[in-house]
Structures are given as structure tokens and as C-alpha cells.
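For the sequence shown, our numbering gives the first residue as 2, with consecutive numbering after it.
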Amino acid sequence: PKLAIDNLENGYHGIVKENETVVEVTPVIRAEGEVCRFRIVNKHHGEAPFDIVLKDDGYAELRAKRVLNCEKRKNYKFDIAAVGCNGKQSVSATVHITVSDVNEYAPTFSEPSYVRQVDEGRIYNEIVRVEATDRDCTPKFGDVCKYEILTSDQPFVIDMDGVIRNTEPLDYERSHNHILSVIAYDCGMRQSFPALVTIKVNRVCRLGWRGLPERVDYAPMTGKQELFPSANLELCDVPCTIRELRTRVDLATRHIGKGCDRDTYSVQSQRKLCGASPSAIDLLPNPGVGAEWTKPLISDEGHESDQMFEFDGATTAVTIPTSVLEHQLPTTFTISTWMRHGQHPSQDKHLKEHIFCTADDHKMNRHHYALFVRNCRLILLLRRDFSEGDLNIFRPAEWRWKISQVCDDQWHHFAINVRFPDIQLYIDGQLFRAEKKNPEVIDDWPLHPTKGINTTLTVGACWQGSDNKMRHHLKGYLAGLSILLGENEKPEVLSCLHQCKESLQVPSMELLQPGMELLTNSDLTEVTVEGDNRTNLETLVRKIGYANTREFPTPGRRNLRLTTTVTCDNGKQVKVPDAQTYVMVLRPQTPSIMLNGTGNMARKYEDFRMGVRVLADIHITGEQKLDKCQLTIYPNLNPDHENLSVSEEMLKRLGMAARISKDGVTITGSDMVYNYQQLLRQIVYTNRKPAYYLNRVFKLTCSELNGRFTSNEYVQTLTVIHPQPKETVAHATINKHSVEIRPASVISHDYMASEHMNLVATGGSHAVTIIVVVCVGFLLFMIVLGVIRIRAAHHKTSNEEAQDGEMTWDDSALTITVNPMESAERKLEGGQTVDYSDSEQSDSESSSDDDNMDGPCRIADSSDEEDEQPCRIRKHDYQNVSQLEWDNSTM
């Protein structure tokens with residue numbers, strides 16, 4: 002026999018897996034000739050645990066006698082030969098066997114657990130290195146390719162080499178120990194059993210505050226909430242004897258509204274809540290009915306705080322209507338406004354920026370009075386009129402305050418109480434203490450008399466009459482600009498207007514020990530604790546709280562900062578690192594304001610003339626208070642004969658205000674829902690000419706907190722009930738071959754006069770006359786019905802006769818048949834008849850009157866027309882043929 006192999010020197014190559022016995026041999030073992038078996042003839046390495054099994058057609062299969070183990074032996078080499086049935090053996094060939102590895106072992110760690118210690122506050126490149134091995138025989142399954150930390154939310158990572166490091170400084174206060182579960186993967190992704198790694202954090206004394214929360218959540222209307230209940234001050238080994246400790250807590254509110262969370266009421270509502278005079282005039286109201294002049298201004302879009310207006314320093318300015326404020330100021334008044342103004346380095350420092358200004362309207366540029374900013378100074382200009390004193394006497398005319406609040410780009414409240422010549426400035430509700438040169442007072446002559454020159458009041462710039470344009474524009478923000486005439490605002494009111502609704506809450510004075518001191522600013526946004534008692538300082542800081550008394554506070558973040566300084570006996574100060582956290586004010590639940598009522602009402606003419614209560618049954622639900630309701634009418638009012646009115650007595654009693662214009666009514670002022678409801682029900686709509694309208698549509702919306710929460714839109718429709726016109730029977734249709742049958746007989750004037758005289762002479766009494774008139778009216782009604790019937794009966798015959806258009810009418814022998822019903826009427830009336838002859842004659846003679854009445858009845862266009870009676874149809878409206886001349890002498 003002979004082995005069927007192409008290259009005897011290369012021999013056979015076989016692969017067998019660890020968990021199998023059949024060897025895959027290349028090329029396939031086969032012998033030519035007569036073969037009875039194959040056998041292993043030479044074992045190169047002492048062992049060949051294989052058998053060769055003869056198959057059909059000289060093929061053979063190589064099998065392992067047992068499952069092999071790659072980890073013990075990877076390769077085998079031996080020779081095989083084919084043996085014939087006669088015992089002869091072929092030339093032998095070498096077989097190379099490789100045992101293929103199977104991933105039967107998982108990685109194992111060199112240590113079951115690892116323990117390391119680290120100091121807090123540090124970042125380590127390597128805290129511990131873990132190591133795992135795999136007993137599989139090949140790199141594919143025997144090498145470790147990956148490590149993983151199973152424990153989540155831990156500040157640690159592990160790399161491919163098993164090195165564990167921290168990603169952020171560890172904090173002993175947060176966690177004393179970190180226990181990690183770590184696993185290893187071989188390159189076949191078979192994972193090991195987890196190993197535990199314990200990292201102990203050593204506490205390191207560091208100068209500063211400990212135990213501060215990362216965030217303090219504050220829910221609306223929950224009162225005071227302590228901010229630092231677990232605070233501790235670590236001083237470690239301060240290299241001196243401590244003489245004094247000083248800690249200041251700052252609450253950052255500058256980013257909220259106008260410096261802090263205040264009630265978002267309008268100026269008028271705030272004044273009412275603070276007990277201020279209701280006579281103050283708001284020069285920058287929210288745009289709306291009666292306050293259209295602020296519509297062009299740029300304002301904030303949100304409603305978390307009250308309305309703020311932006312002035313760009315180039316084009317933004319508004320003119321105040323003369324109906325809002327008289328331009329002549331008295332000797333006593335108060336100007337107040339919110340302002341945010343920053344420094345502009347590129348701007349000329351001598352440039353004026355007017356908050357408001359009154360100047361000549363044309364020809365001249367005299368500024369009568371103004372409030373403006375120049376070179377970071379707040380300046381009040383107050384030129385006296387020639388009628389108020391001697392023209393040759395100097396008087397104070399300009400006050401210049403040099404104050405940091407003008408240009409710090411923060412919101413501040415400025416109020417100037419004028420009781421000429423005494424002037425007082427209040428900043429953020431606090432009186433500014435005058436100094437020797439602050440304010441600087443400039444004297445000037447009174448204004449000289451002029452003829453034909455009026456004044457223009459503007460906000461955001463000053464009107465230049467000679468140039469007919471605005472100049473000296475303001476670059477900044479304004480809100481709540483108002484003027485109170487004839488009196489000064491009280492200091493407590495100014496303080497109330499500035500008062501924040503959110504603040505820090507100081508600890509109880511009972512906790513204050515001897516040698517310790519508590520200090521606060523006016524806004525309660527800073528609290529300072531000073532003294533030499535570290536324990537008492539910690540106690541006081543733990544009791545500092547936060548409160549927001551607004552029912553619907555502005556949601557968002559308020560940063561907190563703790564600044565601490567240690568003063569030694571030798572006067573040296575040791576700065577403690579600042580600590581920061583924040584208060585998160587949660588969003589309140591949005592309230593709802595619902596308006597309900599009868600949406601449609603119909604009234605007669607007389608009701609509209611007397612006045613109709615538009616919202617007689619309006620009902621408001623949802624909120625305890627409102628501060629604005631706006632009733633808008635569509636289309637706009639016609640002031641010639643329409644008007645809206647509100648109860649002046651109720652407005653005065655409730656301390657509310659109403660603005661009425663052609664667009665409708667706006668009622669403002671913070672008050673109870675019930676009072677608003679009662680006031681709205683008293684709004685009266687009057688129309689002296691209701692016949693001009695089919696209906697009037699009114700839309701009502703109400704809001705709280707200066708528009709932050711708004712109601713649904715309630716629509717009220719008032720329908721005009723027009724009187725039905727009296728039906729008047731028209732004449733029978735006239736054609737060329739028939740005589741018009743009139744509803745009443747023609748009677749001569751003489752007969753009518755005689756009958757009338759007889760009726761007067763024989764009249765028994767006034768009562769009898771009334772009865773007769775009623776009866777005659779009834780009979781006339783019956784006659785009309787008869788005429789209609791006769792007209793219907795003759796209609797067909799008339800149409801047939803009308804077809805003969807060439808027929809000539811001959812009236813020489815005209816015979817008129819009198820309706821027997823007319824005869825009966827004359828008998829029953831006893832001689833009383835109605836004379837139509839004059840009206841008929843005038844109708845036929847006046848063609849212009851007929852032309853004017855052609856077509857449907859129209860309502861007169863003239864605004865002076867007062868006749869609103871139903872339209873009448875003239876007797877000859879339907880007569881379309883020429884009048885016939887007839888002789889009524891025989892009648």
C-alpha cells in the first residue's frame with residue numbers, strides 16, 4: 002500500500018479541541034492499494050494518545066484516546082503508515098497535532114480583598130493596583146484584558162492595568178469609607194468573581210467651614226428655614242492666639258427682579274399696600290387702556306416682577322400726554338423711581354441722560370424742571386417761574402448728588418421729597434445724609450416770561466423745541482416712575498416700597514452670649530457675627546435662616562456665601578477659605594382666576610339711553626386678591642353718544658383707580674376679589690342712539706401680581722332690541738286697465754268739515770270720545786282686511802287685462818263702484834272720517850320725497866337725527882303708473 006499524500010516531507014497537520022476527540026487533519030489520511038489498517042510507527046516525544054480508524058475506500062480518521070488538556074501539553078508529533086492485508090507496510094509520514102485552547106478558566110485575583118488609606122481633599126494618581134491571572138493556555142483566553150468597578154456613583158476609576166484612582170477630592174464628612182466591587186475580564190470576555198477594595202478616608206484638618214449643605218430647597222409659604230443646621234468651623238492649628246472671629250453670611254439677590262424678590266404689584270397697588278397717598282401719578286404704567294404712551298418702550302416679557310422699561314440712550318423716549326400731569330409743579334411734591342444705570346466709559350462724562358424732563362415745546366430750549374444723570378451724579382433741575390418771585394433774585398435751581406448707586410449697574414429706588422427750598426433724597430428707602438458739598442446746590446435766575454410757549458413732558462430724553470426732536474437720551478432701565486403733587490411721601494412709605502419680601506432671618510437675641518455681636522444691613526441680605534467665642538459663633542450661624550413671605554415667589558437660585566476672618570492677638574488676620582452654597586426657591590403652584598356670567602343680554606332703546614349695567618351678574622372665583630381688571634369694548638366707543646362710567650363713590654371708598662378711554666375701562670389697585678366683583682357690576686354703558694347698533698361686545702380680563710396670573714377672557718354681548726315696524730297695507734297694484742281700490746273712500750273737504758263740526762257739537766263727553774276712537778280703529782282694521790281680500794280676488798283678472806298693451810283707455814263714461822264695506826263704514830262712523838286727500842296730494846306732487854323713500858327703510862345717517870320710530874311705508878310706494886284724472890263730482 003501507499004499513502005496518498007502529495008508532499009511526504011510536510012506530512013499531516015491536525016487540530017483537536019480540548020473538549021473533543023476527533024482530530025481535523027489536513028490533508029485527509031488515505032492510502033492507495035489494498036489496506037487493512039493504519040498504525041503509529043514512531044513517537045517523537047514519548048506519547049501519542051491517538052488511534053487511527055480505517056474507513057471505506059482507504060480513508061482513515063484520527064482520534065484522541067482521551068480529552069486532551071492544552072494547559073499540560075499543546076503539541077504532539079508522531080509517524081503513521083498504512084499496512085496491507087499481506088502484512089506489508091507503506092512508507093511512513095509525520096503527523097503534527099496542535100491542541101486548541103477552550104476558555105474554560107475565569108480570571109482570578111491575586112488577593113481576595115484590598116484595603117488602602119488616603120487623605121481627604123487630595124487627588125491620587127494611584128490609590129491601589131489590583132491584579133488577576135487566567136490559567137488558560139493561550140493569550141486569547143489566558144490574558145486579562147479589562148478591569149471594571151461594579152459599584153456605581155463612586156468617585157473612582159480603574160484602568161486596563163488594574164490601577165484605581167479617585168476622580169475628585171474625597172471628603173471625610175461625606176463618607177469615611179468607600180467599598181468598591183471590582184471584576185476582571187480575560188480576552189474572551191469571561192469575567193472573574195468580584196474582589197472587594199476598601200478605601201478608607203483619613204480626616205485632615207483644614208481651615209474652614211464643615212457640614213454645609215450643597216443646596217437648600219425652599220418651598221413657598223413655609224416661613225423661616227435654617228440654612229446651616231450642622232455647620233462647624235475648623236480652625237486646626239492657627240499659628241496664634243485668637244482674639245476675634247468674624248463671619249459674614251451674604252444672600253445674593255441682585256439677579257432677582259429689581260434687586261430682590263418683591264411683590265409684583267403695580268406702583269399704584271404697592272402704594273396702596275404701603276399706605277401711600279393714592280394721588281401719585283404713574284408716568285410709566287403698564288401699556289394698556291388709558292396708558293398707550295408706554296407701548297413703544299422695550300420692556301421685560303416675564304411677569305415674575307413688575308414692569309421694567311429699557312432705554313437705549315439713542316432713540317427710546319416717550320412723551321407724556323398733558324391729560325396725565327399738569328406741567329406746572331407746586332412747591333411741594335415727591336418724585337420717585339426705580340433705576341438701573343451703569344458706567345459708560347466710552348461716553349462723554351458731561352453728557353446728560355434725562356430720566357424725565359419738561360421743556361419748551363417750540364422755538365426755545367429752556368428746561369423748566371428735570372431729573373437726569375451726568376458724570377455719575379443724580380441732578381434735580383427746578384427752575385422757578387417768573388410769577389413765583391423777583392426776576393432779579395438768585396434762587397436754588399439745581400441739586401447735584403454724587404452717590405455710588407447711580408452708576409453701579411444695580412437696581413435702586415430713588416425718591417426726592419421737595420418742599421421748596423428744602424430737598425431730601427431717599428435711596429433704597431433710607432434718607433441720604435447731606436454733606437458739606439454733597440449735594441452741590443446751584444443758584445439761577447427764574448425763567449423769564451414768554452408768550453405762546455407751552456411745555457412738553459418727556460421720559461427717557463428731553464424735548465428740544467428749537468430742533469423739534471429729542472435729545473439727551475437715557476441709557477439704562479426705569480420702573481415705577483411717579484410724581485406726587487401737593488404733598489411729600491412719608492419716610493415709612495418709601496421704606497415699605499423698597500422692602501424685600503425675601504431676606505436672611507437673624508438668630509434669636511437670647512442666643513447671643515457676652516462678647517458676641519450680631520450686625521445686619523437694611524435689606525437683611527447680610528448678617529455678620531463677631532466675637533471671641535468660637536462655640537457661640539457656630540451656634541449663631543446654625544440659626545441663621547432664609548424666608549420669603551411672597552405667596553408666589555420668583556423661583557430660582559439664590560447663592561449664599563460665608564466669609565470668615567480670624568484676627569490674632571498681634572493684629573494679624575488669617576483668612577479662612579470662603580464657603581458657598583445656595584437656596585433653591587421652588588416654583589409655586591399656579592393659581593387660576595375664573596370669570597363667569599351671562600354672556601348675552603338684550604335691552605330696549607330706553608334701557609340703553611338710561612344706562613345698562615354691562616356686568617350685572619359677573620362672578621369671579623379662584624383668587625383672594627386682584628390688582629387689575631380690564632374691560633375692552635369692540636368696536637371702540639363713539640364719544641358723541643356712547644360712554645362708560647364707573648362708580649366714583651366705590652372707587653374712592655376702596656382706594657382704587659379707573660382709566661376710561663374709547664377702548665374701554667381699566668381698574669387698578671390691589672383689593673379683594675369681592676370688592677372687584679362689586680365694582681365691576683356697577684360699570685354702566687350708556688348709548689343715546691342705540692338704533693345705530695345691532696349689538697356691542699365687551700371683553701373682560703382680570704389679573705393678579707401685575708399680570709403674572711391672568712384670568713380667562715370673559716365675553717359679554719349686549720344686543721339692541723329694535724322695535725318692530727307697524728305693518729301698513731299698501732295700495733292695490735295699479736295697471737292700465739283697472740282703477741286702484743283705495744282703503745278709504747274719497748270725501749270732499751266740505752263734507753269732512755261739516756261732519757267734523759257735527760261730531761264736536763254732539764260729543765257727549767270725553768269718555769264717549771275715547772270709546773268712539775277705539776271703535777273706529779277696530780273698524781279700520783276690518784276695512785283693511787276687506788281690501789286685501791278684494792285685491793286678491795281681482796288680481797287674476799287684472800293680470801289678464803294688463804296683457805293688452807295697445808288698448809286705449811276711455812274714461813268719458815267712467816263709472817265708479819263704491820265698495821259696500823266703505824259705505825257701511827261711513828254709516829257706522831256717524832260722519833267721522835279720516836282725511837287722506839292732503840297727504841295723497843303731497844305724495845303725488847313731491848317726487849323727491851318718493852325717491853328718498855325708495856327701497857327698504859333706512860336709519861338716518863345724521864348724528865343729530867333723534868327720530869328712532871319704526872319706518873312707515875307711504876301709501877303710493879307701489880304705484881307704478883301715471884295718475885288718472887278723474888271727475889269726482891258725481892260722488
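Note that the Cβ used here is the ideal one computed from N, Cα and C, for glycine as well.
- The shortest C-alpha to C-alpha distance from Leu298 to any of Arg660, Gly291 and Gln308 is the one to Gln308.
- Inclusion of Glu25 and Gly59 in the CB contact set at 8 Å is not warranted, their separation being larger than that value.
- When secondary structure is reduced to three states using DSSP, Ala281 falls in the coil class, being assigned neither helix nor strand.
- Collapsing the DSSP output to three states places Trp446 in coil.
- In the displayed model, Met783 falls within a helix according to three-state DSSP.
- Annotation: Leu505 to Gln431 spans about 19 Å, alpha carbon to alpha carbon.
- Contact annotation, His499 with Lys353: C-beta distance approximately 26 Å; criterion of less than 8 Å not satisfied.
- At a cut-off of 3 residues, the continuous stretches assigned as beta strand (DSSP E) that sit fully inside the region 434 to 495 are 441 to 445, 456 to 460, 463 to 465, 470 to 472 and 476 to 486.
- The region 642 to 655 and the region 583 to 598 do not touch, with fewer than three beta-carbon pairs separated by less than 8 Å.
- Ranked by Cα distance from Tyr677, the options Ala658, Leu695 and Tyr693 are led by Ala658.
- Residue pairing by DSSP places Gly59 opposite no residue, since no beta bridge is assigned to it.
- Boundaries around Asn601 are those of the beta strand (DSSP E), Asn601 to Lys605, since no alpha helix (DSSP H) includes it.
- With fewer than 16 other Cβ atoms inside 10 Å of its own Cβ, Gln329 counts as exposed.
- Taking C-alpha positions only, Leu587 is separated from Lys470 by approximately 48 Å.
- Rounded to whole angstroms, the gap between the alpha carbons of Asp135 and Phe79 is 31 Å.
- Look at the beta carbons and you see the region 502 to 516 not touching the region 399 to 416: under three pairs across the two are nearer than 8 Å.
- Spatial neighbours of Leu525 in its own chain (CB-CB distance under 6 Å, excluding positions within 5 residues in sequence) are listed in chain order as Ser504 and Leu505.
- By the criterion of at least three beta-carbon pairs nearer than 8 Å, the region 341 to 359 is not in contact with the region 509 to 518.
- Rounded to the nearest whole angstrom, the C-alpha separation of Asp618 and Gln631 is 17 Å.
- Note on Gly224: under 16 other CB atoms within 10 angstroms of its CB, so exposed under the neighbour-count rule.
- The Cβ atoms of Val666 and Val325 do not sit closer than 8 Å to each other.
- Leu285 places its beta carbon less than 8 Å from that of Leu482.
- Note: Trp402 is bridge-paired with Leu379 in the DSSP secondary-structure output.
- Gln465 is the residue among Leu563, Gln465, Pro170 and Ala435 whose C-alpha sits nearest the C-alpha of Asn455.
- For the 8 Å CB-CB criterion, Val567 and Leu197 do not form a contact.
- Of Leu63, Arg38, Thr720 and Tyr427, the smallest CA-CA separation from Ser91 is found for Arg38.
- Measuring C-alpha to C-alpha distances from Gln155 to each of Val164, Gly143 and Glu169 identifies Glu169 as the nearest.
- For Tyr677, the enclosing alpha helix (DSSP H) starts and ends at Val674 to Arg682.
- When only Cα atoms are considered, Asp7 and Tyr13 end up about 10 Å apart.
- Just so you know, the alpha carbons of Val158 and Ser182 end up roughly 12 Å apart.
- Between Thr99 and Ile16, the C-beta spacing is below 8 Å.
- Assignment of Asp533 by DSSP, reduced to helix, strand and coil, places it in the coil class.
- Asp628 sits close to Ser704, with the two beta carbons spaced by under 8 Å.
- For the set Phe609, Val419 and Glu539, the Cα lying nearest the Cα of Thr333 is the one of Val419.
- The C-beta distance from Arg378 to Val407 rounds to 7 Å, short enough to meet the 8 Å contact threshold.
- Around the beta carbon of Cys463, 16 or more other beta carbons sit within 10 angstroms, so the residue counts as buried.
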